[in-house]
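Residue numbers (our numbering): 70 to 278. Ideal placement from N, C-alpha and C gives every residue a C-beta, glycine not left out. Source: prediction; values computed, not measured.
In structure tokens form, the structure reads like this:
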């Protein structure tokens, strides 16, 4: 009988991706592989996982380098525009993405230092829009918190906003302009030696799809 894998796996991931998709997978995997160990390093910016000493990374499919092997995990992703009922009641008309320029928007500063431009798409037309506002944050959960408090509009993942949408503290706007898109992937270097622990985890992920 083969011995159970006992490797330590280091994973680099965006914090929200780790919370949404990775942690439930690890909980299930560790139930049958209790001797495995994981170290999760959350990072908002892309890193070279090989140079950083990571076994694998988790990012949106479009961000995975071409020389990596990628395994889709989780469902489609979707970013949406939300605002509280109290804000929207007296806010300017909001019919199309260009209207956000007339609104207070919670802005996100990327790891590069740039302010994130909100992305929209409809019927094959895709573009991004600059926003204005006097609250800038560096974590998406702060975007959500500011919107719930009635500051203005926020651009967040639907997964993150779901509870607030369900209880009515937030409403989704510009619904037709924010469709779902391909979701997250776990990726790893194509030519690296794969340990027994990594192999067991990859087999688990493929079986869970």
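- Rounded to whole angstroms, residue 231 and residue 163 show a C-alpha spacing of 21 Å.
- When Cβ pairs closer than 8 Å are counted between the two stretches, the segment 243-258 is seen not to touch the segment 152-161, the count staying below three.
- In this structure, residue 129 lies away from residue 147, with their beta-carbon atoms at least 8 Å apart.
- Taking the CA atoms as reference points, residue 227 sits about 25 Å from residue 134.
- The alpha-carbon of residue 108 is positioned some 11 Å away from that of residue 92.
- By the CB criterion at 8 Å, residue 124 and residue 229 fall outside the cutoff.
- With a beta-carbon spacing of about 4 Å, residue 126 and residue 81 fall inside the 8 Å limit used to define contacts.
- In this structure residue 246 does not touch residue 186 by the C-beta definition: roughly 14 Å separates them, more than the 8 Å allowed.
- Selection 151, 214, 77, 168 evaluated against residue 197 yields 168 as nearest (Cα-Cα).
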